[in-house]
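Heads up: the protein sequence lines correspond to chains A and B, in order.
Under my numbering, think of the first position of the first sequence as 131, with each following residue one higher.
Under my numbering, think of the first position of the second sequence as 13, with each following residue one higher.
Here a beta-carbon is modelled for each residue, glycine too, at the ideal position from N, C-alpha and C.
None of the values given here were measured: they were computed from a predicted structure.
A short worksheet on the structure shown next.
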Amino acid sequence: MSVALKIADITRRFGATVAVDGVTLEVESGEIFALVGPDGAGKTTLMRLLCGALAPDGGSATVDGIDVVSDPERVQGAVGYMPQRFSLYPDLSVMENLRFYGNIFGIPQADFEARASSLLAEFALADFAERLAEALSGGMKQKLALACTLIHRPSTILLDEPTAGVDPVSRREFWRLLYRINRSGTTIFASTPYMDEAERAHRVAFMSGGKIASVGTPSELKTGLHGEIVEIRCARYRDARRALHGVPTVRSVEMFGDALHALVSSAAETIPDFRQRLHEAGIEDAVFRAVPPSLEDAFVARLTA
Amino acid sequence: MNATTSVHVERLGKRFGDFVAVDAISFDIRAGEIWGFLGPNGSGKSTTIRMVCGVLEPSSGTADVLGFDVARDPEAVKLRIGYMSQGSTLWADLTVQEHLRFYAGLYGMQGSEREERIAAWMQRVGLGERRAQLAGSLPGGYRKRLALACTLLHSPQMIFLDEPTAGVDPVSRREFWDIIVGLADEGTTVMVTTHYLDEAEHCNQLAMIYNGKIVARGSPEELKHLPQIGTTVEVLSNDTVGVLDAIEHLPFVRGAGLYGSSLHISLSDAGEIESLNAAIAARGLSAGAAHSVLPSLEDVFSAVVQPQ
């Protein structure tokens, strides 16, 4: 398996702020890799380092074998980079936007026509080729931005929060396109603030405070949780939550609709204790079951352990 | 409208020129409830919340909040509610304590009462240690807590939170929700907007809004059992795209979402599981047998906004 992204101890500062702090990460060719983390974690800075738009203060990175530090221009010509904001011209049509990117990447006219029409067809944008970008819906704009990112057939694409603010239905459709693109061999490195979205990737890295906190497949991260989730259902769930709050074996207790989710080390060991505590609080109707943890549970467990 | 209803909205609408941002929506929020408003950007969530708070004048319809008509008596409403807007309402060069003093002043609090309340809320939201820190240097999660404390300082009966946890890390998000749930426990009514589907699970009641209309409502559990969602099944495969191609056009498949090696498929009828398995097997794809699962809120949202 060849390596698409090889990041070694890369660091970038802005004044006193260390935006990216010694990140080391490898992404294999053909992977869908999600970089998940809150605003300010350093995701965008890392993306910009990888596409050669920003020089690191230390460390190194290669993208498809090209060194981003010594050869940033070659990286820019080789990868596809979809920034979080501004990548479309609102007063150009769908086709004109594609043509603009085709020109930037120096694609010959004949190749461009074929490439553009196949992308428009694949992305269900063919009927909108003459529409101005500003008149597209949020989901369609994201699809067009992705099409522009792919115009020069990059083998690796870097997507910075590609579905931010997009409705769930368009998000689904966008991910379908990503899976299809990936199936034809393209490596996808995408950042997201949504934990549930990261579940869609083959592997996930959680970034926080400029550092990578953990890396793995979603199921590895969940089984490596060193904890289990107990779901508790009862009529007086708010009283139940109070009764379980601050119990030493409970690492967190969350409202989950009209149920509670408690993160514990062992469900089997904790449930009898819960039953007793709720009984003391006068709650007799509680039903307990162990439920599979979410990726968010895994990260919270990691960060609070 | 009775004592247990905090908000009663009837055919509330807002137009901006030709654009209908909110299209004659009606809903009730009961006292002490965490009522979530779920929808994508631009669906009308913030416009609705701003009309209900009395910040924006509706084009049509009415909103009663805590027994007052917002259009006729906006000041009475504003005194009794707290509104945490989406944009930052903090000043980078004021400290935590200075922010709270400023807001306390707006609500006419003075002297020892003011200081006691400020101390109590700093404690409650976990900002006690950071009282002298400039807001501009607070991490995202703490900035949200400060904005929340400013919203709560005058002990409102009801709070409106517009995407309160956008961009916050999951641990801070959970701590933030802990505070919100605690407030609801004590009787504060909470109306909260979010576009995080997983976060919506915290709400007691949810309304899903799309293109200015409420398309579904109920508790998270009720929404997952809405009849129009049909049956949701999961298929595990290393080639989910291949499976999707094989099943997408079947007449009983209403929708499908890909999650890594898992595919969620909405079927019009549970009786079609066998036909679904047969269609996948006929393509020679390696996949596990479909089994029914509880739909995610994303499955629900996708099902209710797609015309059948």
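Between A:Asp139 and A:Gly152, how many whole angstroms is the CB-CB distance? I'm expecting something under 8 Å. The residue labelled residue 139 of chain A in the question sits at position 9 within the first sequence. The residue labelled residue 152 of chain A in the question sits at position 22 within the first sequence. With a contact defined as Cβ atoms closer than 8 Å, A:Asp139 and A:Gly152 qualify at about 5 Å.
With DSSP run on the structure shown, which of helix, strand or coil describes B:Tyr95? Taking the first residue of the second sequence as position 1, residue 95 of chain B is located at position 83. For B:Tyr95, the secondary structure class from DSSP, reduced to helix, strand or coil, is strand.
So, are the CB atoms of B:Lys225 and B:Asp35 less than 7 Å apart? Along the second sequence, read from residue 1 onward, the residue named residue 225 of chain B stands at position 213. Along the second sequence, read from residue 1 onward, the residue named residue 35 of chain B stands at position 23. Yes, they are a contact pair.
Chain B contacts made by the segment 338-354 of chain A, where a contact means CB separation under 7 Å: Listed by position along the chain: Ser338 and Pro348.
Name, please, each residue of chain B whose Cβ falls closer than 7 Å to the Cβ of A:Ser395. For the purposes of this step, residue 395 of chain A is taken as the residue at position 265 of the first sequence. None at all; the shortest Cβ gap to chain B is about 18 Å.
What residues are listed by DSSP as bridge partners for B:Ala299? Looking up residue 299 of chain B in the second sequence gives position 287. B:Ser249, per the DSSP bridge assignment.
Decide if the segment 150-158 of chain B is in contact with the segment 174-185 of chain B; the criterion is three or more beta carbon pairs, one per stretch, under 8 Å apart. The segment 150-158 of chain B makes contact with the segment 174-185 of chain B: 3 or more CB pairs, one atom from each, lie closer than 8 Å.
Check whether the Cβ of A:Ser247 sits closer than 6 Å to any heavy atom of the ligand ATP, and report yes or no. The ligand content of the structure shown is nil, which means the ligand ATP is not present either.
Delimiting residues of the alpha helix (DSSP H) encompassing A:Phe242: Working through the first sequence from its first residue, we reach residue 242 of chain A at position 112. A:Phe242 -> alpha helix (DSSP H) spans Gln239 to Glu252.
8 Å Cβ cut-off: residues of chain A touching B:Ser314: Position 302 of the second sequence holds residue 314 of chain B. Neighbours of B:Ser314 in chain A, taken as residues whose beta carbon is under 8 Å from its own, are Pro298, Val299 and Arg302 in chain order.
Which residues in chain A have a C-beta closer than 7 Å to the C-beta of B:Arg186? List them in chain order. For the purposes of this step, residue 186 of chain B is taken as the residue at position 174 of the second sequence. Close partners of B:Arg186 in chain A (Cβ separation under 7 Å): Ser382, Glu384 and Val430.
What separation, rounded to the nearest whole angstrom, lies between the Cα atoms of A:Val296 and B:Glu127? Translated into the one-based positions of the first sequence, residue 296 of chain A becomes position 166. Translated into the one-based positions of the second sequence, residue 127 of chain B becomes position 115. The straight-line gap from Cα to Cα measures roughly 43 Å.
Would you check if the distance between the CB atom of B:Lys26 and the CB atom of B:Thr74 is smaller than 7 Å? On the second sequence, position 14 is the one that residue 26 of chain B refers to. On the second sequence, position 62 is the one that residue 74 of chain B refers to. Result no, Cβ atoms of B:Lys26 and B:Thr74 do not sit closer than 7 Å.
For B:Ser55 versus B:Tyr222, is the C-beta distance shorter than 7 Å? As a first step, residue 55 of chain B is located in the second sequence; it is residue number 43 there, counting from the start. As a first step, residue 222 of chain B is located in the second sequence; it is residue number 210 there, counting from the start. Yes, the Cβ-Cβ distance between B:Ser55 and B:Tyr222 is below 7 Å.
Can you list, in chain order, the residues of its chain whose CB lies under 8 Å from that of A:Pro220, leaving out five sequence neighbours each side? Here the question's residue 220 of chain A lines up with position 90 in the first sequence. Once the five neighbours on either side are set aside, the close Cβ partners of A:Pro220 are Leu262, Ala263 and Glu264.
Close-in-space but distant-in-sequence residues of the same chain around B:Gln320 (CB under 6 Å, 5 per side omitted): One-based indexing of the second sequence puts residue 320 of chain B at position 308. With a pLDDT of 40 at B:Gln320, under the threshold of 50, the predicted position of this residue should be treated as unreliable, and no value is reported.
So which residues on chain A does B:His214 lean against when the C-beta distance must stay under 9 Å? Here residue 214 of chain B is taken as the residue at index 202 of the second sequence, counted from 1. Those within 9 Å of B:His214 in chain A are Glu384, Met385, Phe386 and Gly387.
For A:Leu390, count neighbouring C-beta atoms within 10 Å of its own C-beta (all shown protein chains included) and say buried if the count is 16 or more, exposed if not. Within the first sequence, residue 390 of chain A is the residue found at index 260, counting from 1. A:Leu390 is buried by the Cβ-count criterion.
Where B:Phe39 sits in the DSSP three-state scheme: Locating residue 39 of chain B in the second sequence gives position 27, where the first residue counts as 1. Strand, per DSSP.
Short-range partners of chain B found in the segment 234-266 of chain A, where Cβ spacing is below 8 Å: Residues of the segment 234-266 of chain A with a Cβ closer than 8 Å to any Cβ of chain B: none.
Shorter than 7 Å from the beta carbon of A:Tyr309 to some beta carbon of chain B? Taking the first sequence and counting its residues from 1, the one referred to as residue 309 of chain A is at position 179. For A:Tyr309, the answer is yes, since a Cβ of chain B falls inside 7 Å of its Cβ.
If we count Cβ pairs, one from each stretch, closer than 8 Å, do we get three or more for the segment 105-116 of chain B versus the segment 134-150 of chain B? A contact exists between the segment 105-116 of chain B and the segment 134-150 of chain B.
Let me check understanding here. Comparing Cα to Cα, which of B:Arg92, B:Phe313 and B:Arg84 lies closest to B:Leu209? The sequence position of residue 209 of chain B within the second sequence is 197, counting from 1. Distance from the Cα of B:Leu209 is smallest, within the candidate group B:Arg92, B:Phe313 and B:Arg84, for B:Phe313.
Ignoring anything shorter than 3 residues, give me the beta strand (DSSP E) runs that lie fully in the segment 218-273 of chain B, in order along the chain. If we require 3 residues or more, the beta strand (DSSP E) runs fully inside the segment 218-273 of chain B come out as 225-230, 243-248 and 265-271.
How many Å lie between B:Asp257 and B:Val32 at the Cα? Locating residue 257 of chain B in the second sequence gives position 245, counting from the first residue. Locating residue 32 of chain B in the second sequence gives position 20, counting from the first residue. C-alpha of B:Asp257 to C-alpha of B:Val32: approximately 37 Å in a straight line.
For A:Gly210, list the residues DSSP reports as bridge partners. Position 80 of the first sequence, counted from the start, is the residue given in the question as residue 210 of chain A. Answer is A:Ile287, bridged to A:Gly210.
CB contact flag (A:Arg142, A:Leu179, <7 Å): Reading the first sequence from its first residue, position 12 is the one you call residue 142 of chain A. Reading the first sequence from its first residue, position 49 is the one you call residue 179 of chain A. At a Cβ-Cβ threshold of 7 Å, A:Arg142 and A:Leu179 count as neighbours.
Could you please tell me which residues of the segment 320-335 of chain A, in chain order, have their CB closer than 8 Å to any CB of chain B? Residues of the segment 320-335 of chain A with a C-beta atom less than 8 Å from some C-beta of chain B are Pro323, Tyr324, Met325, Asp326, Glu329, Arg330, Ala331 and His332, listed in chain order.
Nearest neighbour of A:Leu337, chosen from A:Asp326, A:Ser349, A:Lys352 and A:Ser321 [CA to CA]: In the first sequence, counting from the first residue as 1, residue 337 of chain A sits at position 207. Leu is not the amino acid found at residue 337 of chain A; the sequence shown has Met there. Ranking the options by Cα distance to A:Met337, first place goes to A:Ser321.
Taking A:Met385 as the reference, give the member of B:Glu213, B:Ser124, B:Pro307 and B:Trp103 with the closest Cα. In the first sequence, residue 385 of chain A corresponds to position 255, counting from 1. A:Met385 has its Cα closest to that of B:Glu213, out of B:Glu213, B:Ser124, B:Pro307 and B:Trp103.
For the beta strand (DSSP E) holding A:Ile140, just list the boundary residues, first then last. Numbered from 1 along the first sequence, position 10 holds the residue referred to as residue 140 of chain A. Counting along the chain, the beta strand (DSSP E) containing A:Ile140 begins and ends at Val133 to Phe144.
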